[in-house]
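Residue numbers (my numbering): 18 to 948. A quick write-up on the structure given underneath.
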Amino acid sequence: MAIYEHQTIEKKWQKYWEDNQTYKVDIDPSKPKFYVLDMFPYPSGAGLHVGHPLGYIASDIYARYKKLKGFNVLHPMGFDSFGLPAEQYAIQTGQHPAITTEKNIETYIKQLKNIGFGYDWSREIRTSSPEYYKWTQWIFMQLFNSWYNKDTDKAEDIETLKALFSKGGSAAANAVCADDLPEFTAEEWNSFSEEEQYKITLDYRMTYLSDSVVNFCPELGMVLSNDEVKDGVSERGGYPVIQKKMRQWMMRITAYCHRLIDGLDQVDWSPSLKDQQRNWIGRSKGASVKFLLENAVELEGETVNHVEVFTTRVDTIYGVSFMVLAPENELVAKITTAEQKKAIESYIAETAKKSELDRMSDVKTVSGAFTGAYCVHPLTGEKVPVWIADYVLAGYGTGAVMAVPSGDQRDWAFATHFDLPIPAVSDAQQNLEEAADDTKEGIYLHGMIEGKNYSDAVNTLIEHLEANKIGKGKIQYRLRDAVFARQRYWGEPVPVYFKNDLPYLVDQKDLPVVLPEIDEYKPTESGEPPLGRAKDWNYQGHEYELSTMPGWAGSSWYWYRYMDPQNENEFASKEALDYWQDVDLYLGGTEHATGHLLYSRFWNKFLKDRGFVKQEEFAKKLINQGMIQGRSSFVYRVKDADKPTFVSYGLRKEYNTAKLHVDVNIVDNDILDIEQFKATRNDIGDDPQFILENGKYICGSEVEKMSKSKFNVVNPDDLVERYGADTLRLYEMFLGPLTEAKPWDTKGIEGTSRFLKKLWRLFFDQDQNSLVTEVEPTKEELKALHKAIKKVGEDIENFSFNTSVSTFMICVNELSDLKCHKKAILEALMIILSPYAPHISEELWHQLGNDKSVTEAAFPEFNADYLKEDSITYPIQIGGKVRVQLQFPAEATKEEIEKEVLANAEVIKWMDGKPLRKIIVVPKRIVNVVV
Numbered sequence: 018m019a020i021y022e023h024q025t026i027e028k029k030w031q032k033y034w035e036d037n038q039t040y041k042v043d044i045d046p047s048k049p050k051f052y053v054l055d056m057f058p059y060p061s062g063a064g065l066h067v068g069h070p071l072g073y074i075a076s077d078i079y080a081r082y083k084k085l086k087g088f089n090v091l092h093p094m095g096f097d098s099f100g101l102p103a104e105q106y107a108i109q110t111g112q113h114p115a116i117t118t119e120k121n122i123e124t125y126i127k128q129l130k131n132i133g134f135g136y137d138w139s140r141e142i143r144t145s146s147p148e149y150y151k152w153t154q155w156i157f158m159q160l161f162n163s164w165y166n167k168d169t170d171k172a173e174d175i176e177t178l179k180a181l182f183s184k185g186g187s188a189a190a191n192a193v194c195a196d197d198l199p200e201f202t203a204e205e206w207n208s209f210s211e212e213e214q215y216k217i218t219l220d221y222r223m224t225y226l227s228d229s230v231v232n233f234c235p236e237l238g239m240v241l242s243n244d245e246v247k248d249g250v251s252e253r254g255g256y257p258v259i260q261k262k263m264r265q266w267m268m269r270i271t272a273y274c275h276r277l278i279d280g281l282d283q284v285d286w287s288p289s290l291k292d293q294q295r296n297w298i299g300r301s302k303g304a305s306v307k308f309l310l311e312n313a314v315e316l317e318g319e320t321v322n323h324v325e326v327f328t329t330r331v332d333t334i335y336g337v338s339f340m341v342l343a344p345e346n347e348l349v350a351k352i353t354t355a356e357q358k359k360a361i362e363s364y365i366a367e368t369a370k371k372s373e374l375d376r377m378s379d380v381k382t383v384s385g386a387f388t389g390a391y392c393v394h395p396l397t398g399e400k401v402p403v404w405i406a407d408y409v410l411a412g413y414g415t416g417a418v419m420a421v422p423s424g425d426q427r428d429w430a431f432a433t434h435f436d437l438p439i440p441a442v443s444d445a446q447q448n449l450e451e452a453a454d455d456t457k458e459g460i461y462l463h464g465m466i467e468g469k470n471y472s473d474a475v476n477t478l479i480e481h482l483e484a485n486k487i488g489k490g491k492i493q494y495r496l497r498d499a500v501f502a503r504q505r506y507w508g509e510p511v512p513v514y515f516k517n518d519l520p521y522l523v524d525q526k527d528l529p530v531v532l533p534e535i536d537e538y539k540p541t542e543s544g545e546p547p548l549g550r551a552k553d554w555n556y557q558g559h560e561y562e563l564s565t566m567p568g569w570a571g572s573s574w575y576w577y578r579y580m581d582p583q584n585e586n587e588f589a590s591k592e593a594l595d596y597w598q599d600v601d602l603y604l605g606g607t608e609h610a611t612g613h614l615l616y617s618r619f620w621n622k623f624l625k626d627r628g629f630v631k632q633e634e635f636a637k638k639l640i641n642q643g644m645i646q647g648r649s650s651f652v653y654r655v656k657d658a659d660k661p662t663f664v665s666y667g668l669r670k671e672y673n674t675a676k677l678h679v680d681v682n683i684v685d686n687d688i689l690d691i692e693q694f695k696a697t698r699n700d701i702g703d704d705p706q707f708i709l710e711n712g713k714y715i716c717g718s719e720v721e722k723m724s725k726s727k728f729n730v731v732n733p734d735d736l737v738e739r740y741g742a743d744t745l746r747l748y749e750m751f752l753g754p755l756t757e758a759k760p761w762d763t764k765g766i767e768g769t770s771r772f773l774k775k776l777w778r779l780f781f782d783q784d785q786n787s788l789v790t791e792v793e794p795t796k797e798e799l800k801a802l803h804k805a806i807k808k809v810g811e812d813i814e815n816f817s818f819n820t821s822v823s824t825f826m827i828c829v830n831e832l833s834d835l836k837c838h839k840k841a842i843l844e845a846l847m848i849i850l851s852p853y854a855p856h857i858s859e860e861l862w863h864q865l866g867n868d869k870s871v872t873e874a875a876f877p878e879f880n881a882d883y884l885k886e887d888s889i890t891y892p893i894q895i896g897g898k899v900r901v902q903l904q905f906p907a908e909a910t911k912e913e914i915e916k917e918v919l920a921n922a923e924v925i926k927w928m929d930g931k932p933l934r935k936i937i938v939v940p941k942r943i944v945n946v947v948v
């Protein structure tokens, strides 16, 4: 192949790589391993646009580079293929989600292969494949059969909990579990039936059933995660979402809060991402306090006589004037008086229409309702009215807050609005506030605390609460246990069945529990999830769990499956786990900071606790690539014209116009293809008129988010067809720093296209005859090459891919000027270019006479000797202006330079007989003669 025909060349080498399994990787103890991983995509029907490959190109460059550096590189790809979009499409069309998902995956694979990614496709995984989700179900079973032991600070087998109960009762187990669980002795435990014991353990397991407040979408018939809800409606379809209490599977992620925060110190992730996780987890130190109810109530067969709150400012307790419960708090219905029942029910109904996010972010609206009930202040004995308000969330803390209007803005606004008392800050409280620097003494808090500085005073107060069993010191986290259920079809079945209304795991030999066939993908008429439609779907005559796992289940452990994807007996073999260990480089978007990345770290820590893996953290380094923004194009429609009329950009101010988005794919260098526009838009009316500039219609432009609604989506397939995958890869890297947002502009791609054609001309003349010679390189040629070797190596190590592209361009320009066609130079150049532009590099590498793939080469070593200068040209400045250029040996001393400068005839002429005041030599830069 002589001429640079990118389409032919790229198809040729993609076939070669596939036929020869160039990117297939196996365990090789003779080489150090390196694991590069992309956050795997959800295969949507729209396929990839040019913004999607940015991170994939960067990771591919790094993976190829590490292979050239002698590493055994694992670089896999797969698909997060369960999810709501496929299910919604199934509901609308009746087509099974598996069919549309398969079709979408085929599109993605074709697009990814067209761009030339070096993935080991033999390791491809799909979360919706039963062979994969068998092991997701298996991990669920391990979680169900585990509890968190605070004493050992890790998850353990549930059998160790039962052993503790049998020896010392409930007091023997220091477990992460709900507060106020029933206490029992060892004798009582041993006297319980097997079923009674089993039922008790359900409250301690790492995954458990609980009544929790969720985002429920009646129209979709399912629970949505917070990130699936926008402004009180579902992101998909825009249907109203309400807050509803439902029985759901939960994951006890809160057991790991401290380790999730502390573990961030072990990984090389960006400070901003770490801060997001720390803030999301939200560690707070304070105290829990019990306010006795004036009238105890019965709740689920238990007598409840108090409301418990958590506060980080227990020192403000004397300022409490009312109590606020979340509307969903289970106590509300029990304590509300008959007189207040109607108002309470009305307020709860209104609150149900708001998402938790709306409730947290709305700081201006004041609303609430009085229950008619009172509790008793634990220190003063005064009656405290109990209200409900939507700014308190059921799932955060205890779902109740002690209101201190003199110390909290929201409490003050609430008290003011409802004309509630606002106690003045007591002298003792004021003293406590002023002593916050831990230096003042003489604090006296209602006769309880004397001679204490601030922190000691607070500690004494907590000790008093604990001694009287009305409170205790506590570390609280904002993070709540994760809902692990969705009332939908297209997800992993939960491997659980119910007997006597208790959940039991299926036998491990019966995994996977496969999704059954159903007639429709909507909830049943009675409100059950879609799986309720399955006929004869049961486990040994018992009803299966009808909810499926959430979208994050399959993505919380997938990196391990890539290590050993065909293993039928384990999620991954010990050999594979010991060799690949963890992810060395992980690339993906910032939108996953508090979802996928948090859940993945949680599951990884659990798997380590149970001895299945060795690493505490799954990804050593994480890079978030920036977003590629779209460059939108606009046409300008004249508002008051008799017929559809569009005016060119430069003339728009002469008319009354409306700006309309136009498809960027029919705009070339801001010039609209008018015929294409008329043919593809049915919303512009008949026979549109165009007012042109110099015979052309010029479009306006703006940088916006890339989306179909803005007509600014650019399909990479079109660019690969027109310019080639190598051009696209180079251009995406050239746009700017990897981690920053940058606008897409197709016009700029011409530059990288010209670069590759110029590179080609180093190898072939106009008649496509080879120019390559075996002649030894000159010093200048070696200098140009080794500058590039040094810079490209450093850039890749620093993930500064955009500057590497500039380096390639400079190098090719220098070699072109030097008319360099020497094999020794071009061979090394192809190796360092190959991670960025693998197709043309592979072609030219073989044109140089190499039989093996360029991927098997070694990255060339940088030789600093080639960059050393033999001589340096100094500009000689005389009287403030450069008058002469003189060359000196690189090793010349200041004294030698001064002597030769002052003896030079040209310098003497420009000094014009004036006396020398001084001479300044700046080494390797300039000489300044001051006269």
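We treat Cβ as the ideally placed atom computed from N, Cα and C, and that holds for glycine. All values reported here derive from a predicted model rather than from experimental measurement.
According to the DSSP assignment, PRO547 belongs to no alpha helix (DSSP H), since it is labelled neither H nor E. In this structure the segment 259-278 lies against the segment 218-230, because at least three pairs of beta carbons, one per stretch, are closer than 8 Å. Annotation: SER821 is outside any beta strand (DSSP E); the continuous alpha helix (DSSP H) that includes it extends over 818-834.
Look at THR329 here: in three-state DSSP terms it is coil, with no helix or strand label. Boundaries of the beta strand (DSSP E) harbouring ASN166: 163-166, taken from the DSSP string. The segment 329-344 and the segment 298-315 touch, with no fewer than 3 CB-CB distances between them shorter than 8 Å. Considering only LYS489, VAL42, PHE876, GLU252, the residue with the shortest C-alpha distance to TYR82 is PHE876.
DSSP lists TYR225, VAL500 as the beta-bridge partner residues of MET267.
Here DSSP, grouped into helix, strand and coil, assigns ASN485 to coil.
Taking every protein chain shown into account, the CB of SER145 has 16 or more other CB atoms within 10 angstroms, so this residue is buried. Counting along the chain, the unbroken beta strand (DSSP E) around ASP174 starts and ends at 171-174. Residue pairing by DSSP places GLU710 opposite LYS713 in a beta bridge.
With a threshold of 16 other beta carbon atoms within 10 Å, GLN785 falls short and is exposed. Fewer than three pairs of CB atoms, one per stretch, sit closer than 8 Å, so the segment 657-668 makes no contact with the segment 624-633. Fewer than three beta-carbon pairs drawn from the segment 589-605 and the segment 269-280 are found closer than 8 Å, and the two stretches are therefore not classed as touching. Here DSSP, grouped into helix, strand and coil, assigns PRO855 to helix.
About 6 Å separates the beta carbon of VAL731 from that of VAL681, a gap short enough to meet the 8 Å contact definition. In this structure LEU528 touches PRO512 by the C-beta definition: roughly 6 Å separates them, less than 8 Å.
Ranked by Cα distance from ALA801, the first of PHE781, ILE842, VAL792, GLY810 is ILE842. The three-state reading of DSSP puts HIS275 in helix, counting H, G and I together. Taking a 10 Å sphere around the C-beta of MET847, we find 16 or more other C-beta atoms and assign the residue as buried. Taking each of LEU65, PRO940, LYS839 in turn and checking the Cα distance to THR910, the smallest one comes out for PRO940. With respect to VAL324, PHE308 sits close: the two C-beta atoms are nearer than 8 Å. It is roughly 8 Å from the alpha-carbon of SER823 to the alpha-carbon of PHE751. Going by beta carbons, ALA190 and LEU181 fall inside the 8 Å limit. Nearest neighbour of LYS713 by Cα position, chosen from GLU719, ASP735, ILE688, GLY702, turns out to be ILE688. Of all C-beta pairs linking the segment 245-255 to the segment 360-375, three or more are shorter than 8 Å, placing the two stretches in contact. Rounded to the nearest angstrom, the gap between the Cα atoms of LYS50 and TRP286 is 20 Å. Here HIS856 is not near GLU236, since their CB atoms are 8 Å or more apart. Sequence-distant Cβ neighbours of ILE108 in its own chain, meaning closer than 7 Å and more than five residues away, are TYR538, LYS539. Taking a C-beta distance under 8 Å as the contact criterion, ALA406 and VAL341 qualify as a contact pair. Secondary structure of LYS516 (DSSP, three-state): strand. The beta-carbon distance between LYS179 and GLN214, rounded to whole angstroms, is 7 Å. This is short enough to meet the 8 Å contact definition.
When LEU410, GLY416, TYR106, VAL401 are compared, the shortest CA-CA separation from ALA432 is found for VAL401.
For PHE431, the enclosing alpha helix (DSSP H) covers residues 426-434. Rounded to the nearest angstrom, the Cβ distance from PRO60 to SER98 is 6 Å, consistent with a contact under 8 Å.
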